[in-house]
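Student:
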Amino acid sequence: MESANYDGPLEYVLNGPIAPFRLDLERTPYVFNPHASGWQTTEVPNGDYTLTAIPTEVASDQISIKFTVSNDIAATG
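Numbering follows my numbering, in which position 38 of the sequence shown is assigned residue number 944; successive positions increment by one, without gaps.
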């Protein structure tokens, strides 16, 4: 997919140690922002995640990225 040339509906799917999360966007800008305050990694479990962008008009051209959330909880005192 040539993202600069696609302007149709897009679906984001986030998978990981949480229930799959879907976000549908009808037009640009395609910003993954499932919450008004943004997606906070400190609010989800540590682990491996995959975010997939699926252009719904050409679903075969999906793009995925993998990332790891590792919230380090430092001891205080």
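Beta carbons: idealized from backbone N, C-alpha and C, even for Gly.
(1) Tell me whether the beta-carbon of R928 lies closer than 8 angstroms to the beta-carbon of V919.
(2) Which first and last residues belong to the beta strand (DSSP E) in which N911 is found?
(3) Can you grab the Cα-Cα spacing for the pair W945 / F973, in whole Å?
(4) Beta-carbon within less than 7 angstroms of M907's beta-carbon, same chain only, minus the 5 sequence neighbours each way: which residues are those?
(5) Have a look at S909 and P935 and give me their C-alpha separation to the nearest angstrom.
Tutor: Result, derived from the coordinates:
(1) The residue labelled residue 928 in the question sits at position 22 within the sequence shown. The residue labelled residue 919 in the question sits at position 13 within the sequence shown. Taking 8 angstroms as the Cβ cut-off, R928 and V919 qualify as a contacting pair.
(2) Position 5 of the sequence shown, counted from the start, is the residue given in the question as residue 911. Taken as a continuous stretch (DSSP letters only), N911 belongs to no beta strand (DSSP E), as it is neither H nor E.
(3) To locate residue 945, count along the sequence shown from 1; it is residue 39. To locate residue 973, count along the sequence shown from 1; it is residue 67. W945 and F973: Cα-Cα distance of roughly 14 angstroms.
(4) Residue 907 sits at position 1 when you count from the first residue of the sequence shown. Since pLDDT at M907 reaches only 42, below the 50 mark, its modelled position is unreliable, and the value read off the structure follows with that caveat. Within the same chain, M907 has close Cβ partners P961, V964, D967, I969.
(5) Here the question's residue 909 lines up with position 3 in the sequence shown. Here the question's residue 935 lines up with position 29 in the sequence shown. Its pLDDT being 45, under 50, S909 is placed unreliably by the model, and nothing is read from it.
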